[in-house]
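Notes follow once the structure below has been shown.
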Amino acid sequence: MQIRNRGLIAKAGDQASVWSPSPREQERRQKRIEQARNRRLVAIVSSLVVLGSIAILIITSPGWQLVQETFFDRVYGQEVLPKVILGFVTNISLTLIAGFFIAVFSLTLALVRSSRSPALTPFRFLATAYVDIFRGVPLLLVILLIGFGIPALQIKGLTNSVVVLGGIAVIVTYSAYVAEVIRSGILSVHPSQRAAARSLGLNQFQTMRHVILPQALRRVTPPLLNDLVSLLKDTGLISILGVTDAVRAAQIEASRSFNYTPYVTATILFLLITIPLTRFTDRSLRISMEHQNAQGVA
Amino acid sequence: MTNVLELVNVRKSFGNETVLQDISFAIPVHTATALIGASGSGKSTLLRCINLLERIDDGEIRLDGEEITDPSINTDDVRRNLGMVFQAFNLFPHKTVLQNITLSPIKVHKVSKDEAISQAFALLERFGLKDKAHEYPDRLSGGQQQRVAIIRSLAVKPRLLLLDEVTSALDPVLVNEVLTTVRDLKLDGMTMLIATHEMAFAKKVADEVIFLDRGVVKEFGSPEQVLGNAQSKELQDFLTSLKSAGRL
C-alpha cells in the first residue's frame, strides 16, 4: 500500500516538471482576467458616483463658503498648530502614563476576580463591586467627581493638580473595563490546559503565571489595542477640568478668533495617531485569529 | 512485590449519579494495568480521581502506601509523583516542545535549567523527536504531539503514569507510534494505569486488565483471563461489540 502510494507521488512529480496549462485552462484564465477587469470598473464607477455626489452636496450647500472660512482656514490652522501640538503632548503622555497604571491595576483586578484562594474572598468581592460600579458610570462623571470632589475634601498633602486628578479618573474607569477584557481572556483558555498544568504539579499561581495568563493575554491583545485607541481619545475629556490638552488648546484659540479651524487641527492630530493604531489592531486581530484556527486540538 | 497504587472501596458521584462504586484494586511496581470498558463506564473519572483532579466521595487511594485522599495532604506534592497523559494531548500551545517538557522540572522540581534541558533532549532523542525540540505543538502531527505529552509527563520522573485513552484522538496510522512508545516505557519498568480501547494493545502490554462497567469493577485478572475467558454478560457483550466494530 505504502509503496504503491509512493509510486503515485513520484509519477505526479514527473508530470509536474513538463506540465503546461491545457487549452481549456488557458481559456478559463483569460475569462478570469476579463471578470477581474469588469469588477474593477464597477468599483471605480460606483466610488466616483457616491463620493462625487457627497462632494457636490457639500460644495453646493448654501453655507459652504462660510464653513470653508471658519473650519478650513489653512493659514490660521498652521498658525495655531504649535499650541495644539503642545496640548496634544499632554494627551499622549497622559495616555502612556495612565496606560501603564491601567495595565498593572487591571491585571491585579482580573487575577483577584479569577482566583479561587479563600484568603482572597473579601478582595474578590471588592473587585467585583469595583468593576460593576466603574463600568456603569460615564467617564465624564467620574472625571468631574474626582476632579472637583477630591480638592473639596481639602486633605493636606493631596494633590490639586487637575492633570493628575483627571489622569486618576481615567485610570480608575479604564481599569474596570480592561480588567474585564483580561478576565474574559483567562476564562477563554480551555480547562484542559489547567488540568494538564496541575497534573504536572504546578500550583495555582504557577499554572496562572506560566500556562493560563500567557495564552489569555495573547488572545485579548487586539481588544486591548482597541482600548488603547479609546484611551487616547478619552484623555481629551479631562479638558473639562481645565487641563490644556489638544482639545482645550483648540477651544481657547477658537474662542479667541471665532474661527473653528483649531478644532480641525486637533482632529487631524488625533487621527494621525489613531488611524495607524487601528490598522495595526485589525492586523493583529487577523493574525491572532489565523493562529487560533491553525491550533486545532487544544 | 510492593504496590505503587492501592484503591480501597473508592466511590465517586456527580450529583445523584454514582459514577464509581466500590472500586478496589492494586498496581504492583513495574507493572501495567489496562482499564477497559465502554465510554461512560467511569475510566476517565477514575484516573482524574487518582490524580486528585476530582475528589472522591468515599474509600481510600494510597500512593506508595500513603493515603493521598487525606484532606491535609498537599495535592501539589502528590501530583509531583504522578504523570498524566490526556486523550487530547493538552500540550501548551504557546510553548515549544522543549519548553513544554522542561516547565515542570524547572518550576516544580527545581531542577537547574541546563539539567532539565539536557534531560529533555535525552528523552526526545530516545523517542525520535529530537529535531522537533524547538517546534510549537501545532506544527506536529497528532502522534508526535501525544508522544511529546508522554515525554512531558515522564520528565518529572513519576512513580506512576496515568494514560487516559491516549490514542483515541489519533487516526489509525498514528496510533501505532504512540503505542510503541508506551510499550517501550513498560520495558523500562514504568508502573502504569492505562485506560484504553485498544484490546490488542492491552493484551500485549498489560499485566492485569480491569473491566469497568457502569462504575463497577466487573472483572479483573490477567489479559488472557479477562479478554479470553469473559465471565460476565456485560464483558461478553462489550467484547462482541468491539469485535463487530473491528477493534478486537
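Chains as they are written, first to last, in our numbering: chain A, 14 to 311; chain B, 6 to 253. Glycine is no exception: its CB is placed at the ideal position from the N, C-alpha and C atoms.
Buried or exposed (CB count within 10 angstroms, at least 16 for buried), residue i
i        : result
B/Thr107 : buried
A/Leu109 : exposed
B/Asp169 : buried
A/Met14  : A caution first: A/Met14 carries a pLDDT of 39, below 50, which makes its placement in the model unreliable, though a value can still be read off. Exposed is the call here.
B/Phe19  : exposed
A/Ile16  : With a pLDDT of only 44 at A/Ile16, under 50, the local geometry of the prediction cannot be trusted, and no value is derived from it.
B/Phe243 : buried
B/Gln236 : exposed
A/Asp247 : buried
B/Phe216 : buried
A/Gln308 : Bear in mind that a pLDDT of 49 at A/Gln308, under 50, signals an unreliable position, so the model cannot answer this.
A/Gln91  : exposed
A/Met302 : exposed
A/Val194 : buried
A/Leu122 : buried
A/Gly76  : exposed
A/Arg53  : exposed
A/Thr278 : buried
A/Gln228 : buried
B/Gln4   : Residue 4 of chain B lies beyond the range of chain B shown here (6 to 253); nothing can be said about it.
A/Thr141 : exposed
B/Lys112 : buried
A/Glu266 : buried
B/Thr245 : exposed
A/Gln48  : exposed
A/Pro275 : buried
B/Phe91  : buried
A/Thr103 : buried
Presumed contact (8 Å Cβ cut-off) between residue i and residue j, rounded CB distance
i        : j        : result
A/Gly112 : A/Leu244 : 6 Å
B/Ala200 : B/Leu52  : 6 Å
A/Ala208 : B/Leu87  : Between B/Leu87 and A/Ala208 the Cβ distance is about 13 Å, and since that is not below 8 Å, they are no contact.
B/Glu203 : B/Lys223 : That pair is no contact at about 19 Å.
B/Ala39  : B/Val214 : 5 Å
A/Thr134 : A/Val155 : In fact, because the Cβ distance is near 27 Å, the residues do not count as touching under 8 Å.
B/Ile32  : B/Asn8   : 6 Å
B/Leu232 : B/Leu198 : Going by Cβ atoms, the distance from B/Leu232 to B/Leu198 rounds to 17 Å, so no, they are not a contact pair.
A/Ser205 : B/Ala174 : The Cβ separation is near 12 Å, so there is no contact.
B/Pro142 : B/Leu96  : 4 Å
A/Leu178 : A/Ile163 : 6 Å
Residue i versus the options, residue with shortest Cα-Cα distance
i        : options                                : result
A/Arg231 : A/Ala56, A/Glu92, A/Val202             : A/Val202
B/Ala205 : B/Asp218, B/Gly251, B/Leu165           : B/Gly251
B/His139 : B/Pro98, B/Thr172, B/Leu175, B/Asp212  : B/Pro98
B/Ala160 : A/Thr121, A/Gly214, A/Ile159, A/Thr220 : A/Gly214
A/Lys96  : A/Asp258, A/Ile159, A/Ala209           : A/Asp258
B/Ala121 : B/Pro76, B/Leu134, B/Leu145, B/Leu103  : B/Leu103
B/Lys100 : A/Lys169, A/Asp295, A/Ala210           : A/Ala210
B/Ala207 : B/Asp218, B/Arg188, B/Gln151, B/Gly194 : B/Arg188
B/Val24  : B/Val13, B/Ile32, B/Gly45              : B/Gly45
A/Ile115 : A/Ile251, A/Phe138, A/Val191, A/Ile69  : A/Val191
B/Thr196 : B/Glu213, B/Val221, B/Gly226, B/Leu165 : B/Leu165
A/Leu152 : A/Leu254, A/Pro34, A/Leu124            : A/Leu254
B/Gln26  : B/Ile32, B/Gly47, B/His35, B/Ile41     : B/Gly47
B/Val183 : B/Leu96, B/Gln124, B/Val153, B/Ile78   : B/Val153
A/Ile146 : A/Val117, A/Ala132, A/Ser188           : A/Ser188
B/Thr80  : B/Ile55, B/Ile156, B/Asp62, B/Gly64    : B/Ile55
A/Asn216 : B/Ala174, B/Arg84, B/Gly233, B/Thr7    : B/Arg84
B/Leu247 : B/Ile41, B/Phe30, B/Ile28              : B/Ile41
A/Ile300 : A/Ala263, A/Thr234, A/Ser30            : A/Thr234
A/Pro289 : A/Asn239, A/Phe271, A/Ala263, A/Leu250 : A/Asn239
A/Arg126 : A/Leu200, A/Val63, A/Ser74             : A/Leu200
B/Val171 : B/Ile61, B/Val210, B/Ile155            : B/Ile155
A/Leu107 : A/Arg222, A/Val175, A/Ile281           : A/Val175
A/Phe283 : A/Leu298, A/Val55, A/Ala263            : A/Ala263
A/Leu241 : A/Thr291, A/Glu82, A/Phe118, A/Val150  : A/Thr291
Contacting positions in the segment 115–141 of chain A - beta carbon closer than 8 Å to chain B:
Under the 8 Å Cβ criterion, the segment 115–141 of chain A contributes no residue.
In chain order, each alpha helix (DSSP H) run of at least 4 residues that lies wholly inside the segment 57–94 of chain A
When DSSP assignments are scanned along the segment 57–94 of chain A, the uninterrupted stretches of alpha helix (DSSP H) that are 4 or more residues long and fall wholly within it turn out to be 77–84.
Which ranges does the beta strand (DSSP E) cover as unbroken runs of at least 3 residues, wholly within the segment 143–168 of chain A, from first to last along the chain?
Fully enclosed beta strand (DSSP E) runs of no fewer than 3 residues are not present anywhere in the segment 143–168 of chain A.
Proximal residues, the segment 203–231 of chain A versus chain B, C-beta separation under 7 Å
Within the segment 203–231 of chain A, the qualifying residues are Ser205, Gln206, Ala208, Ala209, Arg211, Ser212, Leu213, Gly214, Leu215, Asn216, Gln219, His223, Val224, Pro227, Gln228, Arg231.
Sequence ranges, alpha helix (DSSP H) only - wholly within the segment 234–289 of chain A, length at least 4
DSSP assignment within the segment 234–289 of chain A yields the following whole alpha helix (DSSP H) runs of 4 residues or more, N-terminal first: 259–270.
Could you please tell me which residues of the segment 89–108 of chain B, in chain order, have their CB closer than 7 Å to any CB of chain A?
With the criterion set as a beta carbon lying under 7 Å from some beta carbon of chain A, the members of the segment 89–108 of chain B are Met89, Phe91, Ala93, Phe94, Asn95, Phe97, Pro98, His99, Leu108, in sequence order.
Within the segment 162–228 of chain A, note down every full alpha helix (DSSP H) run reaching 4 residues or more, in order along the chain.
Taking only runs of at least 4 residues, the alpha helix (DSSP H) segments lying wholly in the segment 162–228 of chain A are 175–201, 204–212, 217–220.
Run through the segment 78–121 of chain B for me and flag every whole alpha helix (DSSP H) of 4 or more residues, listed as ranges in chain order.
When DSSP assignments are scanned along the segment 78–121 of chain B, the uninterrupted stretches of alpha helix (DSSP H) that are 4 or more residues long and fall wholly within it turn out to be 80–85, 102–112.
At which residue ranges does the segment 194–242 of chain B contain complete beta strand (DSSP E) runs of 3 or more residues, listed in the order of the chain?
Within the segment 194–242 of chain B, the complete beta strand (DSSP E) runs of at least 3 residues fall at 197–200, 213–218, 221–226.
Scan the segment 73–85 of chain B for residues whose Cβ lies nearer than 7 Å to a Cβ of chain A and list them as they occur along the chain.
Listed by position along the chain: Asp81, Arg84, Arg85.
Going along the segment 203–236 of chain B in order, which residues come within less than 8 Å of chain A, judged by CB to CB distance?
Within the segment 203–236 of chain B, no residue qualifies.
Chain-ordered residues of the segment 120–142 of chain B with a beta carbon less than 8 Å from chain A:
Going along the segment 120–142 of chain B in chain order, one finds no residue with a Cβ nearer than 8 Å to chain A.
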